[in-house]
Amino acid sequence: MLPMTFSIVARSADGTAVGVAVASKFLGVGAAVPAARADVGAVATQSYANLAYRPQALALLATGLSAAATVRALTAGDEGPLGHRQAGVVGATGDGATFTGGDCHPWAGGVAGDGYAIQGNMLAGPQVVDGMEVAWKASSGELAYRLLAALRAGDLAGGDRRGRQSAALVVAAKGMGYGGTSDTWVDLRVDDHADPVAELTRLLELHTLYFSRPDPATLIPLTGDMASEVRGLLGADGDLDAALASWAGVANLEERLVAGAIDPLVLEQLRLAGQ
């Protein structure tokens, strides 16, 4: 059983990313509830979760089935305690879909719309799901931060009525994983924590620092005074790009490197290291 779980499955405004954010009074909720596949969709299975929903939902979505049809297929083929099941599904296009069995512990329910589905069980009340929907619709920017904003709103609205323990965030987008060699853009888990949503927020900020690609508009050319400063900080006499790459590899900032320029966030970290 996955009690007291609330989640959002959603697609980015441009349709290039899909993901799930979830929190629960349950150890390691990220190991059970979420799944996402780039260009296909995302699913959350909770409340006496049927973990087979995850591969099944993604396989159905990959055939072009809508989120609503996918939920109907999942539930129609479920031989377990369907009344206690809860699930949310979003595809690469169209509305999301949510299902709440009639026997889920109250308060339980969900809402869905264009590109999202939000659901929860054993919650403080309907204001949890309502608050998540308002926050989702009001948010903008990268999908990971929008999902987290919705999750935070649910937590602030009362969240799980018995407390907090774990949270997770998964986002998939084509080629957005480490080094461009996978589609897993974000995969963060807080398995056991007194304030898991806050801790997940901290981890996402670190993830952005270490793994986000730099904004080309903010890059600073490695010429003139900037090149001299970076050389001094690195103690480099030879190839500046090579020296910076060597330092960045040790500092886990290699994803932010661009030849002939420096990302302001890398420069900030380099300056801090030189203090």
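Residue numbers (this note's numbering): -14 to 260. Beta carbons are placed, not taken as given, at the ideal position from N, Cα and C, and that holds for glycine.
### Task
Give a yes or no on contact between the stretch 81 to 98 and the stretch 129 to 139, applying the rule of three or more CB pairs nearer than 8 angstroms.
no
### Query
Got a sec, what are the start and stop residues for the alpha helix (DSSP H) residue 115 sits in?
Looking at the DSSP string, the run of the alpha helix (DSSP H) that includes residue 115 is 112 to 123.
### Message
To the nearest angstrom, how far is the alpha carbon of residue 4 from that of residue -3?
### Response
Annotation: residue 4 to residue -3 spans about 8 angstroms, alpha carbon to alpha carbon.
### Euclidean distance between Cα positions of residue -12 and residue 139
With a pLDDT of 49 at residue -12, under the threshold of 50, the predicted position of this residue should be treated as unreliable, and no value is reported.
### Check whether residue 42 and residue 28 have beta carbons under 7 angstroms apart
yes
### Query
Looking at the unbroken beta strand (DSSP E) that takes in residue 30, where does it start and where does it end?
26 to 31
### Task
Answer with buried or exposed for residue 245, where buried requires no fewer than 16 other C-beta atoms within 10 angstroms of its C-beta.
Residue 245 sits exposed, since fewer than 16 C-beta atoms from the chains shown fall within 10 Å of its C-beta.
### Delimiting residues of the alpha helix (DSSP H) encompassing residue 14
Premise fails: residue 14 is in no alpha helix (DSSP H) and is neither H nor E.
#### Entry: residue 101: first and last residue of the uninterrupted beta strand (DSSP E) it sits in
101 to 105
### Query
Is it a yes or a no for the stretch 79 to 91 touching the stretch 104 to 114, going by three-plus beta-carbon pairs under 8 angstroms?
Segments in contact, yes.
### Query
Cβ atoms of residue 169 and residue 157: under 7 angstroms apart, would you say?
yes
### Runs of beta strand (DSSP E) lying entirely within the stretch 48 to 80, each at least 3 residues, in chain order
Annotation: the stretch 48 to 80 contains the following complete segments of the beta strand (DSSP E) (minimum length 3 residues), in chain order: 71 to 76.
### Message
Whole angstroms are fine: how far does the CA of residue 137 sit from the CA of residue 183?
### Response
8 angstroms
### Message
Quick check on the DSSP output: the alpha helix (DSSP H) that includes residue 226 runs from which residue to which?
### Response
225 to 236
### Message
Please tell me whether residue 71 and residue 32 are closer than 7 angstroms, where the distance is taken between their beta carbons.
### Response
yes
### Message
One question on the structure: do residue 175 and residue 151 come within less than 7 angstroms of each other, judged by their Cβ atoms?
### Response
yes
### Query
Per DSSP, what kind of secondary structure is residue 206 in: helix, strand or coil?
strand
### Query
Taking contact to mean at least 3 C-beta pairs separated by less than 8 angstroms, is the stretch 200 to 216 in contact with the stretch 247 to 254?
yes
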